[in-house]
Structure formats: C-alpha cells, structure tokens
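Participant:
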Amino acid sequence: MSKDGTLYLVPNLLGVVAPPEVLPLRTIETARRLDHWVVETPKAARAFIKSLSPPQAIAALDIRELGQAPAPAHLKSLLAPALAGSDIGLLSDAGCPGVADPGAALVAAAHAAGIRIAPLVGPSALLLALMASGMNGQTFAFHGYLPIKTEARAQRLRALDDKATQSGATQLFIETPYRNAAMIAAVLTHCRRETQFCVAADLTLKSEWITRRTIASWRKESAPPLDKRPAVFLLGT
Numbered sequence: 559m560s561k562d563g564t565l566y567l568v569p570n571l572l573g574v575v576a577p578p579e580v581l582p583l584r585t586i587e588t589a590r591r592l593d594h595w596v597v598e599t600p601k602a603a604r605a606f607i608k609s610l611s612p613p614q615a616i617a618a619l620d621i622r623e624l625g626q627a628p629a630p631a632h633l634k635s636l637l638a639p640a641l642a643g644s645d646i647g648l649l650s651d652a653g654c655p656g657v658a659d660p661g662a663a664l665v666a667a668a669h670a671a672g673i674r675i676a677p678l679v680g681p682s683a684l685l686l687a688l689m690a691s692g693m694n695g696q697t698f699a700f701h702g703y704l705p706i707k708t709e710a711r712a713q714r715l716r717a718l719d720d721k722a723t724q725s726g727a728t729q730l731f732i733e734t735p736y737r738n739a740a741m742i743a744a745v746l747t748h749c750r751r752e753t754q755f756c757v758a759a760d761l762t763l764k765s766e767w768i769t770r771r772t773i774a775s776w777r778k779e780s781a782p783p784l785d786k787r788p789a790v791f792l793l794g795t
C-alpha cells in the first residue's frame with residue numbers, strides 16, 4: 559500500500575523580490591521539487607515557480623486552479639495526487655494560502671482525507687503589518703475588504719473604530735490598491751481623532767512604507783501616493 563503524499567502550504571512573495579530575500583531555504587527547496595500544484599491563479603503561480611529555478615520544465619508541472627467556492631468533488635480531484643503518494647503544493651497569489659487568501663477549503667478536505675498538512679514559513683502581510691504597527695498583538699481581528707459604497711463603508715469604519723476603542727483589539731483590513739487613497743480619506747473622515755491608524759504598504763519590498771499616527775496627526779500630514787501599492791490598514795489604541 560502506497561504512502562499518501564503531503565499537502566505543502568507554500569507562501570508566495572508579496573511583490574517583485576528575489577525569493578531568497580524573504581523565503582527560508584527549506585521553503586524554496588521544498589517548493590522546487592514539487593510536481594503537483596493547486597493554485598489561485600495559474601499565471602501568477604508559474605511566475606513564482608519559475609523564480610525558484612526548479613529542475614523541471616514549468617510546462618511539465620501539474621498546475622491546477624483551485625477556483626472560487628470549490629465543490630467537494632473538485633477538491634477530491636485536486637487531492638488525488640496526494641492520495642496516490644505524491645506531494646502537492648498549495649499556492650495563493652501572494653502571502654500565505656488560507657490566511658486572507660483562498661485555500662482553507664482544500665486544507666479542510668485534506669484533513670478529512672487523512673492527508674498530512676505541512677505549512678511552510680514565508681511572508682504574511684497581515685502578520686508583518688501587525689508586528690510593525692506596535693498595536694495589540696494579543697487580541698486582533700481581520701475584516702478583509704470593507705464595503706465600497708460610501709455610507710456602508712462609513713458605518714463599518716465607525717464600528718471598527720468603536721471595537722478598537724472599547725476592547726483594545728487591533729482591527730485590520732485591506733483594500734484594492736487603486737482605492738487606497740479613498741480608503742485613507744474615509745478613515746480620516748469617520749474615525750475618532752485620538753484613534754491610532756497604521757498603514758503598512760509594499761511589505762518586504764525596497765519601497766516598503768509603514769507609518770502609525772493618530773487620526774488627528776494623519777489629518778495634518780497625508781500619506782504618499784499608494785494607489786498602486788498593496789497595503790494593510792490597522793486601527794488601534
């Protein structure tokens with residue numbers, strides 16, 4: 559009877575940077591030898607795998623797309639190589655799969671099938687931003703993308719501001735880069751002047767920019783242009 563393979567959770571880069579600058583040797587070496595992949599976006603996955611200089615031709619790799627809300631039958635198909643004894647890599651477009659990114663459903667299905675799970679070390683924008691903010695790292699919550707419509711966004715920001723103020727828990731959220739300026743403007747409009755607000759952009763890149771100030775201070779000194787730069791936003795005390 560053959561031994562089942564392992565599902566490796568492979569962190570991706572957060573931007574254009576040489577893999578050895580942010581990924582440990584074990585992560586790189588493990589990813590380089592994998593022949594089977596389940597990925598968020600095949601094109602982005604091929605670019606990442608190519609940056610690792612694998613011994614295999616990229617075209618020879620088995621790269622399958624996870625898809626949105628994958629059905630149980632699709633998940634079973636994606637895990638078939640592991641059940642046949644081969645290792646699989648799970649990869650999102652940036653950062654750690656399954657954390658504010660697709661992948662949790664596949665990991666849950668792998669657990670149910672008795673497949674070994676092995677998370678590899680690599681960058682997580684959320685964790686790096688929280689570390690760099692100096693805010694409460696014991697109690698925090700990530701809220702993903704906030705509403706786009708003006709009034710709904712305002713209500714959500716006021717609610718997050720209340721949570722941060724009343725509980726002391728750090729509130730994290732993100733936005734599509736081209737709407738970063740609008741997000742910052744909304745935060746400065748709807749949050750208390752004494753609330754601490756941190757913006758962490760281009761994490762792990764040479765252009766990395768991390769600043770924390772009170773809302774009152776932000777209103778006096780605006781952020782640099784961030785409309786093409788991935789960022790994490792944090793509210794705290």
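Taking the working numbering as reference, the numbering of the sequence shown is continuous, increasing by one, and the terminal residue is 795.
The beta carbon of each residue, even a glycine, is placed where N, CA and C say it ideally should be.
What are the complete alpha helix (DSSP H) segments, minimum 4 residues, inside the segment 671-718?
Facilitator: Taking only runs of at least 4 residues, the alpha helix (DSSP H) segments lying wholly in the segment 671-718 are 683-691.
Participant: What first and last residue would you give for the alpha helix (DSSP H) that runs through R590?
Facilitator: Along the sequence shown, one-based indexing puts residue 590 at 32. Start and end: 583-590.
Participant: Could you give the DSSP three-state label for D760: helix, strand or coil?
Facilitator: To locate residue 760, count along the sequence shown from 1; it is residue 202. Note: D760 maps to coil in three-state DSSP.
Participant: Could you tell me whether the segment 590-603 touches the segment 639-648, using the rule of 3 or more Cβ pairs below 8 Å?
Facilitator: With the cut-off at 8 Å, the segment 590-603 and the segment 639-648 touch.
Participant: What first and last residue would you give for the beta strand (DSSP E) that runs through A789?
Facilitator: On the sequence shown, position 231 is the one that residue 789 refers to. Taken as a continuous stretch (DSSP letters only), the beta strand (DSSP E) holding A789 covers 789-794.
Participant: Pick helix, strand or coil for L664, following the three-state DSSP scheme.
Facilitator: Residue mapping note: residue 664 aligns to position 106 of the sequence shown, counting from 1. Helix, per DSSP.
Participant: Could you check if G702 is buried or exposed, using at least 16 other CB atoms within 10 Å of its CB as the buried criterion?
Facilitator: As a first step, residue 702 is located in the sequence shown; it is residue number 144 there, counting from the start. Exposed is the call here.
Participant: Suppose the cutoff is 8 Å on Cβ atoms and the five residues either side in sequence are ignored; what does the same chain contact list for S796 look like?
Facilitator: The displayed coordinates of the chain run from 559 to 795. Any statement about residue 796 would go beyond what the structure contains.
Participant: Please tell me whether, using a cut-off of 7 Å, the distance from the CB of G692 to the nearest non-hydrogen atom of the ligand COA is below it.
Facilitator: The model on display carries no ligand, and the ligand COA is accordingly not part of it.
Participant: Kindly indicate which three-state DSSP category T728 falls into: helix, strand or coil?
Facilitator: Counting from 1 along the sequence shown, the entry for residue 728 is found at position 170. Strand, per DSSP.
Participant: Please name the residue in H669, R714, K721, A759 whose C-alpha comes closest to that of L784.
Facilitator: Residue mapping note: residue 784 aligns to position 226 of the sequence shown, counting from 1. The shortest Cα separation from L784 among H669, R714, K721, A759 belongs to A759.
Participant: Bridge partners for K570 per DSSP, in chain order?
Facilitator: Here residue 570 refers to the residue found at position 12 when the sequence shown is read from its first residue. Correcting the residue identity first, residue 570 is Asn in this sequence and not Lys. Answer by DSSP bridge pairing, in chain order: G653.
Participant: In this structure, what does DSSP give as the bridge partners for E623?
Facilitator: As a working note, residue 623 is residue 65 in the sequence shown. E623 is bridged to V597.
Participant: In chain order, what residues of the same chain have a beta carbon less than 6 Å from the beta carbon of H748, not counting five sequence neighbours either side?
Facilitator: Residue numbering aside, residue 748 sits at position 190 when the sequence shown is read from its first letter. Counting only Cβ-Cβ distances below 6 Å, and skipping sequence neighbours, we find A712, L715, R716.
Participant: What does I742 pair with, by DSSP beta-bridge criteria?
Facilitator: Against the sequence shown, residue 742 aligns to sequence position 184. In the DSSP output, where bridge partners are listed per residue, I742 has none listed.
Participant: Within its chain, find whatever has a CB closer than 8 Å to the CB of M689; leave out the 5 residues flanking it on each side and keep chain order.
Facilitator: Indexing the sequence shown from 1 puts residue 689 at position 131. The answer, listed in chain order, is G695.
Participant: Determine the extent of the beta strand (DSSP E) in which R777 is found, giving its start and end residues.
Facilitator: Against the sequence shown, residue 777 aligns to sequence position 219. Here R777 belongs to no beta strand (DSSP E); instead the alpha helix (DSSP H) covers 773-778.
Participant: Could you check what DSSP says for T734 in three-state terms: helix, strand or coil?
Facilitator: As a first step, residue 734 must be located in the sequence shown, where it is residue number 176. Three-state result, T734: coil.
Participant: State buried or exposed for Y802, treating a residue as buried only when at least 16 other CB atoms are found within 10 Å of its CB.
Facilitator: Residue 802 is absent from the model: the chain starts at 559 and stops at 795.
Participant: For L637, name the three-state secondary structure that DSSP assigns.
Facilitator: Working through the sequence shown from its first residue, we reach residue 637 at position 79. In the structure shown, L637 sits in coil (DSSP, three-state: anything other than H, G, I, E or B).
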